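Residue numbering for the sequence shown is 197 to 389, as defined by this note's numbering. Note that beta-carbon positions come from the ideal geometry of N, C-alpha and C, so glycine has one too. Note that the coordinates shown come from a computational prediction; the quantities given were computed from them, not determined experimentally. Down below is the structure, laid out as structure tokens.
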Amino acid sequence: MKFQRDTMTDKLVLPGDEIAVEEEYVASDGTYVRDGKIYASQCGTLILDDNECIAKVVSYNPPNMLQVDDLVYLTIDDCRKTMATATAIACDKTQRVISSSTVATIHVSKISPDYTDNVADEFRKGDLVRGRVISISPSLQITTKDPHCGVIRAQCGNCKTELVPKGKKNLFCPKCRRSQPRKLADDYGDVKI
Ligand SMILES: [Zn+2]
197 MKFQRDTMTD
207 KLVLPGDEIA
217 VEEEYVASDG
227 TYVRDGKIYA
237 SQCGTLILDD
247 NECIAKVVSY
257 NPPNMLQVDD
267 LVYLTIDDCR
277 KTMATATAIA
287 CDKTQRVISS
297 STVATIHVSK
307 ISPDYTDNVA
317 DEFRKGDLVR
327 GRVISISPSL
337 QITTKDPHCG
347 VIRAQCGNCK
357 TELVPKGKKN
367 LFCPKCRRSQ
377 PRKLADDYGD
387 VKI
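This is the structure in structure tokens:
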């Protein structure tokens, strides 16, 4: 029998599947050996590492479903009267793509710990925002009330220059010399995603 020489195969294996022979590979995670042959001990993706001569089986990645209390990164799509609509682009607990719905809303009452009745005083279209999930069903809802939540990166609507913070509640365009209000995260401009 011949085995593929790839480091990472796309081959899915089941427990008991013969995956390699001991002459060629050392049995590692997710495998066991019997009579000189290596078998999968769990469902998963077969990895034959030819540099280390290791055979192992890694379990499938579970889907990345958002949960209440998760911190997420979103882009603001629209600012309506009572809410902002946004798209969740990443979750801080994993690098993987979000597999649940990414269409989010941020109600005007959930934006800031201070009273606000105008979404456009807090966010603008295109802003990158960190928020916390408060509901996933029937729809994804986000709050940005925490100090660590709010806008983390924004561009000027006129000239696309990256805005700089001015005080705790304003952003400033150094080119247009204009400032605009925002609900800022406490680390605006200093965020590495
Ligand atoms: Zn500008």
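| query | result |
| --- | --- |
| Secondary structure, beta strand (DSSP E): runs of 3+ residues fully inside the stretch 256-339 | 267-275, 279-287, 299-303, 324-331, 336-339 |
| Rounded C-alpha distance that separates K362 from S237 | 58 Å |
| Status (buried if at least 16 other CB within 10 Å, exposed otherwise) for C249 | exposed |
| Alpha-carbon to alpha-carbon, N314 and M279 | 9 Å |
| K321: CB within 8 Å of a non-hydrogen atom of ligand 1 | no |
| Limits of the beta strand (DSSP E) - the one that R374 falls within | 374-377 |
| Outcome for T227 when other beta-carbon atoms lying within 10 angstroms are tallied against a minimum of 16 | buried |
| Start and end residues, beta strand (DSSP E) containing Y235 | 233-236 |
| CA-to-CA distance, L244 to P259, given in whole angstroms | 24 Å |
| heavy atom of ligand 1 below 8 Å from C164 C-beta | There is simply no residue 164 to check, as the chain begins at 197 and stops at 389 in what is shown. |
| For P361, the first and last residue of its enclosing beta strand (DSSP E) | 360-362 |
| Where the beta strand (DSSP E) through T241 begins and ends | 240-245 |
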